[in-house]
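Novice:
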Amino acid sequence: MGRLDDSRQPGRATDDIDRAHLRDPADDSFVISRYLPPDELQGWIRRYWVPVWDVPEDPDQPDHSDQPERPERGRREQKVLQYPVTLAVVSSVYARFVGPRRGLSITVLEGRGWAFGVMLAPAAGAPLLGGPVSGITDRYVDLATVPLLGDLPEALRAVMSEDPSDEAAHAVGRRLVEDRVARLCPPGVEDRLVNDVVRTVEEDGSVLTVTQLCERVGLSERTLQRLTERRLGLTPLWLVRRRRLHEAADRLRHHEGSLADVAADLGYADQAHFSRDFRTATGYSPREFVTLQRGGA
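Just so we're aligned, residue -16 is where the sequence shown starts under the numbering used here, counting upward by one.
1) Any chance you could list the alpha helix (DSSP H) runs of at least 4 consecutive residues sitting entirely within the stretch 171 to 239, in chain order?
2) Given the structure, does F257 come close to the ligand SAH, in the sense that its CB is under 7 Å from one of the ligand's heavy atoms?
3) Closest to L111 by C-alpha separation, out of Q25, A71, P39 and R175, would be which residue?
4) Assuming L103 and H229 form a contact by the criterion Cβ under 8 Å, report the distance between their Cβ atoms to the nearest whole angstrom.
5) By the three-class DSSP mapping on this structure, what secondary structure does Q276 have?
6) Once DSSP output is grouped into helix, strand and coil, what is the label at E60?
7) I need the DSSP call for L92, collapsed to helix, strand or coil.
8) Is the Cβ-Cβ distance between L284 and V184 less than 8 Å?
9) Bridge partners for S74 per DSSP, in chain order?
10) Taking just the CA atoms, how far does D244 sit from V333?
11) Below 8 Å between beta carbons: does that hold for P105 and V177?
12) Buried or exposed: D1, going by 16 or more other Cβ atoms within 10 Å of its Cβ?
13) So, with DSSP's three-state summary, where would you put V81?
14) At which residues does the beta strand (DSSP E) containing S258 begin and terminate?
Next comes the structure, spelled out in C-alpha cells:
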C-alpha cells in the first residue's frame, strides 16, 4: 500500500481522484492526502482521500453574491466529475454512503474541516448495500444504515479529531476501514467482471461506443445494460461518456492540442458537440476551463 503524491504538486493528474476534480489551481485552501489500499483489498477498495481545509473569511475578497457561478467569500466549491463507484465519507458533522452521481458533484467547504473518504471499487457498492446500486444513484444514505460500516463514523472521528493532517491518524483510519471491508467474501466472478468493465472503459481510450465496449468485454448490449444498472446504477453509455469527459478535462488542463483536436480524438462529431457536452457536464465551456487552469490569464 502506498501514499500517492500530494495534491498540491503541479503537473498531470497523478490519480483518479485528482483527475476527477475540476479544481482551480490557484486555490490553496485545501490539501488532499491520497492513499492506495493493500493489494488484497483492491477488488473492493480503489483509493482513499483525506481533504483538510481552512477557508478564511477574507474581507478584501470581492463579493460575488450576485454571480451564482462564483463562490461566496469564506467558502469554496469542490466540483467533481465522479467515477462509477460508491463512496464512504466521514467528516466531523456527517457520515454518508454516496451513490454514483450522473451529473456534476459539488461540495461546499467552509471554515476549517476535514473528511475521510473511501472510493470503493465499482463492484463494492452492491454487496455493502445488500441490494442494487441503482437505489442510491444521485443520492446518499446515512453510513449508519450500511451494516459493515455502520460503526465506522465514531471510530474515525476518534482517530481524526486531534490532528486531521497527521499521516499516522490516516493510517489508523485506513486500518479501521480495511478491517470492516475484509469481512466481505473475496470478489466473485460477477464482481471481477464489473471491475473489469469499468477498467476497460477507463484504460482503453479506443473505446468510444457501447458497441466497442461490448466487444471488449464479451457481453451482449442487453446483458451489459442489466449488469451496469444493477451493480453500478449507471448505463454503459454513461460510462463511455464520463471517461471521455475525464480525458477531455485532463487534456484541457494541460493544454494538449486545439479544441478541434481534442474533440476529434475523443470521438465527437465536431467541436460544437464537444463544447456543448463539456459545458453541460461541468458548467464551463472548454475555453473557460482552459482559462481557469491558466489562472484567469
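Positions of the beta carbon are idealized from the N, C-alpha and C atoms, including for glycine.
Small disclaimer: the values here were computed from a predicted structure and weren't measured.
Specialist: Put simply:
1) Taking only runs of at least 4 residues, the alpha helix (DSSP H) segments lying wholly in the stretch 171 to 239 are 172 to 186, 193 to 200, 204 to 214 and 219 to 236.
2) Among the ligands in the structure shown, none appear at all, so the ligand SAH cannot be discussed.
3) Within the sequence shown, numbered from 1, the residue matching residue 111 stands at position 128. Considering only Q25, A71, P39 and R175, the residue with the shortest C-alpha distance to L111 is A71.
4) What you label residue 103 is simply residue 120 of the sequence shown in a count that begins at 1. What you label residue 229 is simply residue 246 of the sequence shown in a count that begins at 1. Taking the Cβ atoms as the reference, L103 lies roughly 18 Å from H229, outside the contact range of under 8 Å.
5) Here residue 276 is taken as the residue at index 293 of the sequence shown, counted from 1. The answer is helix: DSSP assigns Q276 an H, G or I state.
6) Position 77 of the sequence shown, counting from 1, holds the residue named residue 60. If DSSP states are grouped into helix, strand and coil, E60 belongs with the strands.
7) Looking up residue 92 in the sequence shown gives position 109. Under the three-state reduction of DSSP output, L92 falls in the strand class.
8) This structure cannot speak to residue 284, because the chain is shown only from -16 to 280.
9) Here residue 74 corresponds to residue number 91 of the sequence shown, with the count starting at 1. Per DSSP, A98.
10) Summary: the structure shown does not reach residue 333, with the chain confined to residues -16 through 280, and so no result is reported for it.
11) Locating residue 105 in the sequence shown gives position 122, counting from the first residue. Locating residue 177 in the sequence shown gives position 194, counting from the first residue. Less than 8 Å divides the Cβ of P105 from the Cβ of V177.
12) As a working note, residue 1 is residue 18 in the sequence shown. Counting other Cβ atoms within 10 Å of its Cβ, D1 reaches 16 or more and is therefore classed as buried.
13) For this step, residue 81 is matched to residue 98 along the sequence shown. Note: V81 maps to strand in three-state DSSP.
14) Against the sequence shown, residue 258 aligns to sequence position 275. Annotation: S258 is outside any beta strand (DSSP E); the continuous alpha helix (DSSP H) that includes it extends over Q254 to T265.
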